[in-house]
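Residue numbers (my numbering), protein chains in the order written: chain A, 646 to 1137; chain B, 646 to 1137.
Protein chains: 2
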Amino acid sequence: MTKKLTPRGKDYSKWYNEIVLKADLAENSAVRGCMVIKPYGYAIWEKMQEELDKMFKATGHKNAYFPLFVPKSLFEAEEKNAEGFAKECAVVTHYRLKSDEKQKGKLIVDPDAKLEEELVVRPTSEALIWNTYKTWIQSYRDLPILINQWSNVVRWEMRTRLFLRTAEFLWQEGHTAHATKEEALKEAKLMNQVYADFVEKFMAIPVFQGTKSESERFAGAVETYCIEALMQDGKALQAGTSHFLGQNFAKAFDVKFATDTGKLNYVWATSWGVSTRLIGALIMTHSDDNGLVLPPNLAPDQVVIVPIYKGDIQHNEISRVAEQIKSDLEGKNIRVKFDNRDKFKPGFKFNEYKLKGVPLRIVIGPKDLENKTIEVSRRDDFSKNVIDQNKTVEYVENQLDDMQEALFEKAKKFREQNITQVDNFVDFKKVIKEKGGFVLAHWDGSVSTEEAIKKETKATIRCIPFDTQKNEGKCVYSGKTSERRVLFAKAY
Amino acid sequence: MTKKLTPRGKDYSKWYNEIVLKADLAENSAVRGCMVIKPYGYAIWEKMQEELDKMFKATGHKNAYFPLFVPKSLFEAEEKNAEGFAKECAVVTHYRLKSDEKQKGKLIVDPDAKLEEELVVRPTSEALIWNTYKTWIQSYRDLPILINQWSNVVRWEMRTRLFLRTAEFLWQEGHTAHATKEEALKEAKLMNQVYADFVEKFMAIPVFQGTKSESERFAGAVETYCIEALMQDGKALQAGTSHFLGQNFAKAFDVKFATDTGKLNYVWATSWGVSTRLIGALIMTHSDDNGLVLPPNLAPDQVVIVPIYKGDIQHNEISRVAEQIKSDLEGKNIRVKFDNRDKFKPGFKFNEYKLKGVPLRIVIGPKDLENKTIEVSRRDDFSKNVIDQNKTVEYVENQLDDMQEALFEKAKKFREQNITQVDNFVDFKKVIKEKGGFVLAHWDGSVSTEEAIKKETKATIRCIPFDTQKNEGKCVYSGKTSERRVLFAKAY
């Protein structure tokens, strides 16, 4: 297999698919639209899970697990939610297979094992969870409930792409219940902020936080907050969402609580999630034509050590040094791989780790043995330095921090260069078509205008940013009054 | 809700169900046979996952993720495996719902969205994984593959019980591929040993390791190894299995590799798994009529601090001491909860933590404030001691270690008292019926004898223990020659 990738400039989409496959992150499976997440890709997901899980727990959340299946009658209880997901539901109708009498060794669905009520494979778990919360909540003393679930979900997407859009994906879904509207709103915003912090600090991806327009809102939500990132090809990617669900699910499932004065009120809800889609965002933000570039904070291996030697004696001596360096670095919680495989040449290994985006590469050769040095090179800018062995730990720590920072700054600069403020629809179309990126423009707030703009340009409102100032103007499309600019882009 | 449990002596099964519900571990859901794992139960599972995951990684395994669904044609490829699981498969037949024209707001399965090929919700993943390995393995250089997956699986069980037997459960499944039979056998035994180590060291449950008889073997395996534990009611529980799959799956999916001499051979396989069922074993090994008893190594909270005070001033002073103790203990990686809730009385809290099995309880009252002491009591034997505050860390560390050890020793002693060696079928039946526990007896090795014994006594062969000496005798049932005693018991 050739390790060369199609350059991004030639075909970004092809480059993306190749990088996923060649860096051993994931591949398509025998099941339509479902992917196999390979060990290297899964290791990145594990790092993400670890950090997010800490952040969820630090904000008072606990993990739990709810069933994979949702009985159809529960699924349809919250009408908007049901309507939004009905078209992409995998449905279990039978609970048994039996031998096919016509073909030896083959199985058929047993018609006698038809379920009385069909089960939907969860596309999201609000329905099942709120049906459960109903029995958990009687009084204000039972509130808030702050629960998160790590799980798989299924949405029968017609056009799938590895990590970005798959029929089954892994995610976490938080589901909280509150006594007041204010508390639920605060929670929804807090979790959106947690996502922003995680994506910026660990993934080194700058994001905008904002509110979704009505047509991009989660089915069943009153408000959807989101974080939006910009990919290298100028398309936006929704990296996480946090929903204020109002009392919609409490009403659908009749979940009330007694206040401290004995009044019965409906419970207020939020839900929030991020998924394996984040890995797609990670790839498309930092990687280059040579392969993956991983931010040190999430790289499964932060440092790889490659020995260069001739013969067993040299190999042994260099291995001793490498093992010592590995152990010193691991003492500082740095993740190190010593690639001591004898059947592969250094050049082959260099290519492999370049492709796989390992942040730092340490090479130790015969000269280094003599001089008590090592050569350290960085994956992001390919800078290379020979340093004293006894400076390794300090140097590596600094370089990892620097690289984490540099990736974020680079992505932020790119984003700044790719936000355009426009004031009329001609410019709007031109920018979306030729330059891409985010467009900040006035919008009259109507669904019909958003629809019309989408139809003509494929750009959608990514969010109404939290931090823009009120600033009156005229809608680029309709000319009607607008209160503030919103963020448009073509999106993944 | 009354916190009192039905005593074990009165109705063990009822006691078990009550403890699961009242200790807030899990509950039944709206989906037949599927449970909701509540935060406290899930926290135990997280501790188990954390420790097992470390052990898997330390033995060279990596995590990955394969699809939830298995296309029927792949599922049926390994005939014995398919036959074994066909009767309990949830089957997805459609991928869309639509509005019911006859009933507003209701949904029906869209008949136009019937899948060409039905998808089985994985009851286990050998089929899908070996179909994937086929493309990963060309040469001996690609071997071994050492992969584990944490996931949910579905087996449509007719009689379900929380944790012990549920339609959906959480588990890990290891799937490895090897160049030689010897290596695969070694792997299967190694992972069985890892399970034994985990269950004994962390769960404080002594286990027997052995080989399953033919009729208890995993569908599709050549040999199944297992760990078997004894519950308090004298029934055995299979706590984990590790399978040597021979070349069965390699042949079913045509997975061959080129040896270093260029010969094409079928690959050798293993698979191994433990599940949330372990939580059932944990409950039924250590808990008592007062509630759950958790081994310190797996307890989500190892220590709970309960303050006793009158008025705000005392409350504040005691809280200061409690917070300091909490922080000192946490500095030693001890998991501590300070229950500072003002709306619940100490007696209520004592009952709650007894029910929830928190290993150590620290009480700090006004006297303790004066004397700079605390009162520490242990959940297993209810021993209570007043100690100096400045001895807390050392004392707690020792007590946690002692308790972990004591639970294991107690369970081991119970098991020793409940293994009976018998030499004729009259005694066999009597012991199984009246005393219960494990019975060590000679067996002629035939499926028909095992079948007959099961029919008459409900006891099955739990395993042919690894460590028994060859020791000729006569089968208790048939009188035929037998080479060694095997372990019988009624089982969960």
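Virtual Cβ for every residue (Gly too), placed ideally from N, Cα, C.
According to the neighbour-count rule (16 or more other Cβ atoms, all chains shown, within 10 Å of its Cβ), is residue i buried or exposed?
| i | result |
| --- | --- |
| PRO940 (chain B) | buried |
| MET646 (chain B) | Unreliable positioning characterises MET646 (chain B) in this predicted model, as indicated by a pLDDT of 48, which lies under 50. A coordinate reading is not provided. |
| TRP660 (chain A) | buried |
| GLU997 (chain A) | buried |
| ARG643 (chain B) | Since the displayed chain B opens at 646 and closes at 1137, residue 643 (chain B) lies outside it and no answer follows. |
| ALA1027 (chain B) | The amino acid at residue 1027 (chain B) is misidentified as Ala; the sequence shows Phe. It is exposed - the Cβ of PHE1027 (chain B) has fewer than 16 other Cβ atoms within 10 Å. |
| GLU723 (chain A) | buried |
| GLY750 (chain B) | exposed |
| GLY936 (chain A) | buried |
| SER1093 (chain B) | exposed |
| ALA703 (chain A) | exposed |
| PRO652 (chain A) | exposed |
| VAL799 (chain A) | buried |
| LYS747 (chain B) | exposed |
| GLY976 (chain A) | exposed |
| CYS1120 (chain B) | buried |
Taking residue i as the query, report the chain A residues whose CB atoms sit under 7 Å from its CB, ordered along the chain.
| i | result |
| --- | --- |
| ALA735 (chain B) | VAL737 and TYR740 |
Residue i by DSSP, collapsed to three states: which one?
| i | result |
| --- | --- |
| MET646 (chain A) | Reliability of the predicted coordinates at MET646 (chain A) is poor, the pLDDT of 48 falling under 50, and the value obtained from them is presented with this limitation in mind. Coil at MET646 (chain A), not helix or strand. |
| GLN1034 (chain B) | helix |
| LYS743 (chain A) | strand |
| LYS717 (chain B) | helix |
| THR780 (chain A) | helix |
| ALA1104 (chain B) | coil |
| SER1127 (chain B) | strand |
| LYS707 (chain A) | strand |
| GLY1082 (chain A) | coil |
| ALA812 (chain B) | coil |
| ALA1136 (chain A) | strand |
| ASN797 (chain B) | strand |
| ASN942 (chain A) | coil |
| ASP933 (chain A) | strand |
| PRO991 (chain A) | helix |
| PRO1011 (chain A) | helix |
| TYR911 (chain A) | strand |
Who are the neighbours of residue i on chain B, taking C-beta pairs under 9 Å?
| i | result |
| --- | --- |
| TRP801 (chain A) | TYR740, ARG741 and ALA758 |
CB residue i to CB residue j, shorter than 7 Å?
| i | j | result |
| --- | --- | --- |
| ILE1106 (chain B) | SER920 (chain B) | no |
| PHE808 (chain A) | ILE924 (chain A) | yes |
| ALA668 (chain A) | TYR687 (chain B) | no |
| VAL951 (chain B) | VAL912 (chain B) | no |
| ALA1104 (chain A) | ALA1056 (chain A) | no |
| ILE782 (chain B) | PHE902 (chain B) | yes |
| ASP1089 (chain A) | SER1123 (chain A) | yes |
| GLU873 (chain A) | PHE853 (chain A) | yes |
| PHE993 (chain B) | ALA967 (chain B) | no |
| PHE711 (chain B) | LEU773 (chain B) | yes |
For residue i, go through chain B and note every residue whose CB falls closer than 8 Å to its CB, in chain order.
| i | result |
| --- | --- |
| CYS679 (chain A) | PRO712, LEU713 and PHE714 |
| LEU773 (chain A) | SER674, ALA675 and VAL676 |
| GLU724 (chain A) | GLY750 |
| GLU813 (chain A) | PRO712, LEU713 and PHE714 |
Which chain A residues are close to residue i, counting only those with a beta carbon under 8 Å from its beta carbon?
| i | result |
| --- | --- |
| TYR687 (chain B) | LYS707, ASN708, ALA709 and TYR710 |
Give me the chain B residues within the contact set of residue i, using Cβ-Cβ distance strictly less than 7 Å, ordered along the chain.
| i | result |
| --- | --- |
| ILE1009 (chain A) | Within 7 Å Cβ-Cβ: nothing; ILE1009 (chain A) doesn't reach chain B, min ~24 Å. |
| THR777 (chain A) | SER674 and VAL681 |
| ALA727 (chain A) | LEU752 |
| VAL766 (chain A) | VAL737 |
| PRO789 (chain A) | By Cβ distance, chain B contributes nothing, its closest Cβ being about 13 Å from PRO789 (chain A), past 7 Å. |
Pairing CB atoms from the region 820-827 of chain A with CB atoms from the region 906-919 of chain A, are three or more of them under 8 Å?
yes
Is the region 730-741 of chain A touching the region 736-753 of chain B in the sense that three or more CB pairs, one from each, lie closer than 8 Å?
yes
Answer yes if the region 829-840 of chain A comes into contact with the region 796-813 of chain A, meaning at least three C-beta pairs across the two stretches below 8 Å, and no otherwise.
no
Inter-stretch contact (C-beta, 8 Å, three-pair minimum) for the region 753-766 of chain A and the region 672-686 of chain A
no
Could you say if the region 987-996 of chain B and the region 1014-1021 of chain B meet the contact criterion of at least three C-beta pairs nearer than 8 Å?
no
For the region 942-958 of chain B against the region 838-849 of chain B, are there 3 or more C-beta pairs whose distance is under 8 Å?
yes
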